[in-house]
Amino acid sequence: MGWRDRLSSRGVRDGLTVWIIVLLTSGQGFRYLGGLPLYTVVCVLTIAAIALSFRPTWASVRLPLPLGAFVGLAAASVLWSATRAVTSLAVIVMIATTFVGVVTVRGTGNRRFMVLLYRGFQISLLLGIALELWAAIVVRGPVYPPMHDLTSLTHDKNVSGDTITWSDGLLFHGGPIQGWVGNRNPFGLVALLTAITGVIVLLERLVGRVDVVATLIAAGAVHLLTMSATVTVTALYLFGITLAAFWIRRAPPGGKKAISRVVLALSAIAAVLTIKYRDEIFGLVDRGSDLTNRTEIWKQVIQAAELRPEGWGYVGYWPVWEEPYKGMADRAGVLATHAHNAFLDAWLQLGLVGLALLVAIVVLMFGASWRLVERADKGDTYIPLGWTLLTVALVLQSLTESRMLVEGGWFLVVVLYLSAPQVFRLTLVDESLVHRGTPGRTDADELR
Numbered sequence: 133m134g135w136r137d138r139l140s141s142r143g144v145r146d147g148l149t150v151w152i153i154v155l156l157t158s159g160q161g162f163r164y165l166g167g168l169p170l171y172t173v174v175c176v177l178t179i180a181a182i183a184l185s186f187r188p189t190w191a192s193v194r195l196p197l198p199l200g201a202f203v204g205l206a207a208a209s210v211l212w213s214a215t216r217a218v219t220s221l222a223v224i225v226m227i228a229t230t231f232v233g234v235v236t237v238r239g240t241g242n243r244r245f246m247v248l249l250y251r252g253f254q255i256s257l258l259l260g261i262a263l264e265l266w267a268a269i270v271v272r273g274p275v276y277p278p279m280h281d282l283t284s285l286t287h288d289k290n291v292s293g294d295t296i297t298w299s300d301g302l303l304f305h306g307g308p309i310q311g312w313v314g315n316r317n318p319f320g321l322v323a324l325l326t327a328i329t330g331v332i333v334l335l336e337r338l339v340g341r342v343d344v345v346a347t348l349i350a351a352g353a354v355h356l357l358t359m360s361a362t363v364t365v366t367a368l369y370l371f372g373i374t375l376a377a378f379w380i381r382r383a384p385p386g387g388k389k390a391i392s393r394v395v396l397a398l399s400a401i402a403a404v405l406t407i408k409y410r411d412e413i414f415g416l417v418d419r420g421s422d423l424t425n426r427t428e429i430w431k432q433v434i435q436a437a438e439l440r441p442e443g444w445g446y447v448g449y450w451p452v453w454e455e456p457y458k459g460m461a462d463r464a465g466v467l468a469t470h471a472h473n474a475f476l477d478a479w480l481q482l483g484l485v486g487l488a489l490l491v492a493i494v495v496l497m498f499g500a501s502w503r504l505v506e507r508a509d510k511g512d513t514y515i516p517l518g519w520t521l522l523t524v525a526l527v528l529q530s531l532t533e534s535r536m537l538v539e540g541g542w543f544l545v546v547v548l549y550l551s552a553p554q555v556f557r558l559t560l561v562d563e564s565l566v567h568r569g570t571p572g573r574t575d576a577d578e579l580r
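First residue of the sequence shown? That's 133 in the working numbering, and the numbers climb one at a time after it.
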């Protein structure tokens with residue numbers, strides 16, 4: 133077997149897929165550890181390895197129209213961007229992220245990819261726990277980033293104006309803990325994503341019970357110790373959706389869609405009530421409705437977005453040394469590197485068209501997976517439920533964070549959109565997807 137054959141083997145592909153998930157999910161930790169130059173080299177080498185390993189799948193790779201339009205708009209925004217150099221670099225990163233998302237999910241079966249997602253999130257979770265143990269047992273205090281990444285541009289301050297720490301060393305003091313990503317909210321999301329994929333692979337019996345149960349316990353502990361209010365609220369919504377999905381599975385065929393409509397209506401009502409009673413809800417988890425100064429940031433973002441309907445140009449994370457981003461942070465009185473809302477950031481960077489495209493992508497992504505859930509019977513696969521829960525978690529988190537537009541967030545958008553049958557193309561539901569989680573294929577394909 134030649135080196136090309138070995139590089140294209142299933143084991144190498146699986147390893148590269150897990151590694152890119154870890155790298156994109158926990159990128160901030162790797163930048164803290166090795167600095168931006170080394171991180172860039174690692175990313176380039178990883179992308180090159182994936183391109184070579186998944187080369188046989190290139191011919192079948194097609195980017196759906198909504199995703200292609202969003203990436204194309206981001207690329208075109210270089211023409212009118214207020215920060216052309218930054219936009220050019222950000223577009224290259226987005227295209228690379230899109231590429232690895234497309235080839236890895238297309239080159240792997242749906243059931244297998246769910247396992248790889250679980251492994252990637254599991255490793256990210258364990259990296260965070262290991263760092264917190266190091267800080268609590270060895271350092272016995274705060275751990276500061278060895279490398280400053282781009283944080284020196286904000287004078288090593290976070291959104292609250294405090295000095296940035298990789299870990300505060302509060303594991304044995306009840307938290308909050310920040311994990312490998314150096315931020316409790318993203319670390320809480322890592323725990324949630326690990327739990328979602330863990331439950332699905334457990335229900336599908338794709339991974340050993342002891343492995344998953346131990347990981348779920350660890351994820352639950354991490355969630356409690358991150359003290360992330362947004363993740364807590366998200367988890368409650370996901371619990372409700374999961375109960376509804378099991379209810380639908382046990383309903384007779386004639387009643388499934390009726391139950392589905394009731395569930396969607398109740399979800400909409402719950403969303404409205406959450407917004408209306410946010411003071412009381414976030415007060416229950418010891419957080420104010422201001423969400424750590426986010427409301428002031430949102431005001432500044434809206435004002436800036438209204439000035440340019442075409443957007444200021446795609447940048448991903450804000451170049452806070454450039455206008456209008458520097459001015460917004462100064463006026464808000466906080467140090468922000470994104471809008472803390474993916475939809476507002478899409479409006480700010482890519483204008484009204486970009487906002488409309490992002491909303492369309494999210495709606496189609498949810499609809500594609502949910503229409504499989506509402507057709508499922510007892511004994512059918514749980515893979516579409518996993519897609520639905522991951523989508524909802526990603527979207528709800530995007531209301532207070534903008535990471536859906538960059539790194540692991542955008543990677544998840546791409547792979548989730550491509551996993552389910554695309555509603556935009558008005559395709560008939562593939563019954564094989566409903567029952568087994570994979571499209572109608574040959575027996576050989578089913579074993580991938």
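Where a beta carbon is used, it is the ideal one built from N, C-alpha and C, also for glycine. The structure presented is a predicted model; accordingly, all values stated were derived computationally and were not measured.
Please determine, among the options, the residue with the shortest C-alpha to C-alpha distance to residue i.
{"i": "Ile152", "options": "Thr189, Gln310, Lys431 and Phe245", "result": "Phe245"}
{"i": "Ser185", "options": "Phe202, Val232 and Met359", "result": "Val232"}
{"i": "Thr347", "options": "Ile261, Thr189 and Ser209", "result": "Ile261"}
{"i": "Leu211", "options": "Trp519, Ile515, Val452 and Val447", "result": "Val447"}
{"i": "Met226", "options": "Val495, Ile373, Pro385 and Arg535", "result": "Arg535"}
{"i": "Ala436", "options": "Arg426, Gln481 and Ile401", "result": "Gln481"}
{"i": "Leu531", "options": "Ile515, Ala474, Ala228 and Gly541", "result": "Ala474"}
{"i": "Pro198", "options": "Val495, Val150, Ser299 and Val176", "result": "Val495"}
{"i": "Thr358", "options": "Val339, Ala350, Gln310 and Leu325", "result": "Gln310"}
{"i": "Val150", "options": "Leu550, Thr570, Gly540 and Ser551", "result": "Gly540"}
{"i": "Glu428", "options": "Ser360, Phe543 and Leu476", "result": "Leu476"}
{"i": "Leu168", "options": "Arg243, Leu265, Pro277 and Gly241", "result": "Pro277"}
{"i": "Pro441", "options": "Ile401, Ile407, Arg142 and Leu484", "result": "Leu484"}
Is residue i helix, strand or coil by DSSP?
{"i": "Val193", "result": "coil"}
{"i": "Thr178", "result": "helix"}
{"i": "Val275", "result": "strand"}
{"i": "Ser299", "result": "strand"}
{"i": "Tyr449", "result": "coil"}
{"i": "Asn242", "result": "helix"}
{"i": "Pro198", "result": "helix"}
{"i": "Tyr514", "result": "coil"}
{"i": "Ile255", "result": "helix"}
{"i": "Trp212", "result": "coil"}
{"i": "Trp542", "result": "helix"}
{"i": "Arg666", "result": "No answer is possible for residue 666: it lies beyond the span of the chain, which begins at 133 and ends at 580."}
{"i": "His355", "result": "helix"}
{"i": "Arg440", "result": "coil"}
{"i": "Leu521", "result": "helix"}
{"i": "Ile309", "result": "coil"}
{"i": "Gly143", "result": "helix"}
{"i": "Asp462", "result": "helix"}
{"i": "Asn315", "result": "coil"}
{"i": "Glu428", "result": "helix"}
{"i": "Ser501", "result": "helix"}
{"i": "Leu148", "result": "helix"}
{"i": "Leu487", "result": "helix"}
{"i": "Asp595", "result": "Absent from the model: residue 595. The displayed extent of the chain is 133 to 580, so no value can be given."}
{"i": "Ser421", "result": "Below a pLDDT of 50, predicted positions are generally treated as unreliable, and Ser421, at 47, falls in that range; the measurement from the model is reported next regardless. Coil."}
Less than 9 Å between the beta carbons of residue i and residue j, yes or no?
{"i": "Ala327", "j": "Gly352", "result": "yes"}
{"i": "Val154", "j": "Leu321", "result": "no"}
{"i": "Thr366", "j": "Val524", "result": "yes"}
{"i": "Ala180", "j": "Gly445", "result": "no"}
{"i": "Arg145", "j": "Gly252", "result": "no"}
{"i": "Trp430", "j": "Ala403", "result": "no"}
{"i": "Val223", "j": "Glu454", "result": "no"}
{"i": "Gly330", "j": "Gln254", "result": "yes"}
{"i": "Ser158", "j": "Val333", "result": "no"}
{"i": "Leu439", "j": "Pro456", "result": "yes"}
{"i": "Leu368", "j": "Leu522", "result": "no"}
{"i": "Leu487", "j": "Ala500", "result": "no"}
{"i": "Trp298", "j": "Gly200", "result": "no"}
{"i": "Ser392", "j": "Glu533", "result": "no"}
{"i": "Gly301", "j": "Glu264", "result": "yes"}
{"i": "Tyr449", "j": "Met279", "result": "no"}
{"i": "Leu221", "j": "Ile182", "result": "no"}
{"i": "Pro308", "j": "Ser360", "result": "yes"}
Just the C-alpha distance for residue i and residue j, rounded to the nearest angstrom, thanks.
{"i": "Leu114", "j": "Lys510", "result": "Here the chain covers residues 133 to 580 and nothing more, so residue 114 does not appear."}
{"i": "Ala207", "j": "Ile269", "result": "47 Å"}
{"i": "Ser140", "j": "Gly443", "result": "41 Å"}
{"i": "Pro196", "j": "Pro553", "result": "11 Å"}
{"i": "Ala323", "j": "Leu528", "result": "15 Å"}
{"i": "Leu517", "j": "Leu248", "result": "16 Å"}
{"i": "Asp512", "j": "Leu396", "result": "22 Å"}
{"i": "Val176", "j": "Val271", "result": "33 Å"}
{"i": "Ser399", "j": "Val433", "result": "28 Å"}
Give a yes or no on whether 9 Å exceeds the smallest Cβ distance from residue i to chain B.
{"i": "Gly486", "result": "Annotation note: the requested chain B is absent from the structure, which comprises a single protein chain."}
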